[in-house]
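K.L.:
Below is the structure I would like to discuss, written out as structure tokens.
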Amino acid sequence: YFYTQSSRSRKDGQSGDGIPTFLLLGPSGSGKTALVTVLQTRGNVAKSEAKEADEEVDEEEERSRSAVNGHSRDALSPTRLSQIASTTRMRLLPGTPLGSNRYRSENDYEVTASKKEGAVYKIIDTPGHGKLRSEQAISYINKTGIGLKGVIFMLDSSAMDTSAADDGEMAKDTVSYLHDVLLNLQRRPKLVKKAKAEDVRVLVVCNKQDLFTSLPTTAVKSRLEMELERLKASKKRGISAVDAKEDADENEDETVLGGGGEQKFTFKMLDDEFGVTVEIVGGFVKDEEENNDVKRWEEWIGGCL
Ligand code: GDP
């Protein structure tokens, strides 16, 4: 997973240059930009290194977009970062355990390298704005050739209360975004040749745990399951209303989160029935004193490498 090994042949979970890639999703304001910055700082990513990745990314996309919009890349800056996805080359905090190290001896090159210089990976940071989500964010789930290893879905735990000042609009929006992401992951093996559900793992990051208005992580988890069940049930009703019984059953596995069964939606069900593994971990990118609690997220990333 290091530059020196980029010539090795491409497998699932590795991009064309051999660097594992993570897709960073979540609504605007959840802390995605702040997270990338903090992880870069902790991983000692040289500015030039990160920039280089940004430059090389999406050349092809950029061309097609320019053709459509009539804009050149330069004309799109400086707002482009918030409106289109951008890829950043990252390094993990040195010493973070790597999943692949479990089977290696301590003297192995990669173990040593990960202790001195953090393992290299990439993050595709996506715009969270509603209108751009399907095209600029979720669509990466089914793209081949980007070496997708994991999806990090970031949410603001202080906006997950349905009785919040905004009547829970933010919470609803977050749940519907997560729903679409998980449904795309569930369908991925059908749409992407040779893809297996287990190839892409999911981390739901419950950010802003430093705020006293935040729901604790376990409460966020049960709220998500409850709201996802609600969406599942209404989707299911919609389908059985229009389809004959057999068609409905088949259709539901494709289009209903967790499939068409009668049980209530749980994350465990998604794992058991579709192999989509979701972990839900709390923390914060920065509190008032600029402290952070991101270690367990780094460890999750390391576990995927
Ligand atoms: P993005 O739209 O998802 O990229 O979100 P940003 O990274 O721009 O963050 C949105 C706002 O939330 C900014 O004002 C951040 O400083 C703030 N923020 C991000 N993470 C945290 C956190 O863990 N705790 C607190 N209290 N604020 C945070």
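Letter by letter, the sequence shown follows residues 76 to 380 of full-length UniProt numbering. Ideal Cβ positions, reconstructed from N, Cα and C, are used throughout, including at glycine. Nothing here was measured: the structure is a model prediction, and the numbers come from that model.
(1) Counting only runs that start and end within the segment 341 to 380, where is the beta strand (DSSP E) found for 3 or more residues in a row?
(2) Only counting the same chain, and skipping five residues up and downstream in sequence, which positions put a Cβ closer than 7 Å to that of residue 300?
(3) Could you check what DSSP says for residue 119 in three-state terms: helix, strand or coil?
(4) Excluding the 5 residues flanking residue 344 on each side, which residues of the same chain have their C-beta closer than 6 Å to its C-beta?
(5) Please classify residue 168: does DSSP put it in a helix, a strand, or coil?
(6) Counting C-beta neighbours from all protein chains within 10 Å, is the total for residue 308 16 or more, i.e. buried, or is it exposed?
(7) How would you call residue 317, buried or exposed, if buried means at least 16 neighbouring beta carbons within 10 angstroms?
(8) Please name the residue or residues paired with residue 197 in a DSSP beta bridge.
(9) What are the residues that DSSP puts in a beta bridge with residue 223?
(10) Could you check whether the Cβ of residue 285 sits closer than 6 Å to any heavy atom belonging to the ligand GDP?
(11) With which residues is residue 259 paired in a DSSP beta bridge?
(12) Can you list, in chain order, the residues of its chain with a C-beta nearer than 8 Å to that of residue 380? Leave out the 5 residues immediately preceding and following it.
(13) Applying the 10 Å Cβ sphere with the 16-neighbour rule, what's the burial state of residue 367?
(14) Near residue 286, what residues of its chain come up, given a Cβ to Cβ distance below 6 Å and the 5 sequence neighbours on each side ignored?
(15) When the distance is taken between beta carbons, is residue 217 closer than 7 Å to residue 381?
(16) Could you confirm whether any beta carbon from chain B is found closer than 7 Å to the beta carbon of residue 309?
(17) Please state if the CB of residue 198 and the CB of residue 99 are separated by a distance shorter than 7 Å.
(18) What's the gap between the Cα of residue 242 and the Cα of residue 346?
(19) Straight-line CA distance for residue 244 to residue 273?
(20) Measure the Cβ-Cβ separation of residue 281 and residue 293 and say whether it is below 7 Å.
(21) Within its chain, find whatever has a CB closer than 8 Å to the CB of residue 373; leave out the 5 residues flanking it on each side and keep chain order.
(22) As a quick exercise: from 205, 119, 97, pick the residue whose alpha carbon is nearest that of residue 104.
(23) Taking 6 Å as the cut-off, is the beta-carbon of residue 270 closer than that to any non-hydrogen atom of the ligand GDP?
(24) At what residues does the alpha helix (DSSP H) containing residue 303 begin and finish?
(25) Between the alpha carbons of residue 369 and residue 271, how many angstroms are there, rounded?
(26) Can you check whether the CB of residue 248 is closer than 7 Å to the CB of residue 283?
(27) How is residue 274 classed by DSSP in three states: helix, strand or coil?
(28) Would you check whether the ligand GDP has a heavy atom nearer than 6 Å to the C-beta of residue 212?
(29) Return the residue from the list 160, 253, 236, 238 that minimises the CA-CA distance to residue 211.
(30) Quick one: is residue 327 buried, meaning 16 or more other Cβ sit within 10 Å of its Cβ, or exposed?
(31) Measuring alpha carbon to alpha carbon, tell me which of 351, 361, 278 ends up nearest residue 112.
P.N.:
The answer reads as follows:
(1) 353 to 357
(2) 340, 341, 342
(3) coil
(4) 333
(5) coil
(6) exposed
(7) exposed
(8) 96, 164
(9) 96
(10) yes
(11) Beta-bridge pairing links residue 259 to no other residue.
(12) 76, 95, 167, 173, 174, 175, 194, 196, 224
(13) buried
(14) 233
(15) Coverage of the chain is limited to positions 76 through 380, which leaves residue 381 absent and any answer about it impossible.
(16) Given the protein chain composition of this structure (a single chain), no chain B is represented.
(17) yes
(18) 32 Å
(19) 32 Å
(20) no
(21) 114, 117, 167, 168, 171
(22) 205
(23) no
(24) 292 to 317
(25) 28 Å
(26) no
(27) helix
(28) no
(29) 160
(30) buried
(31) 361
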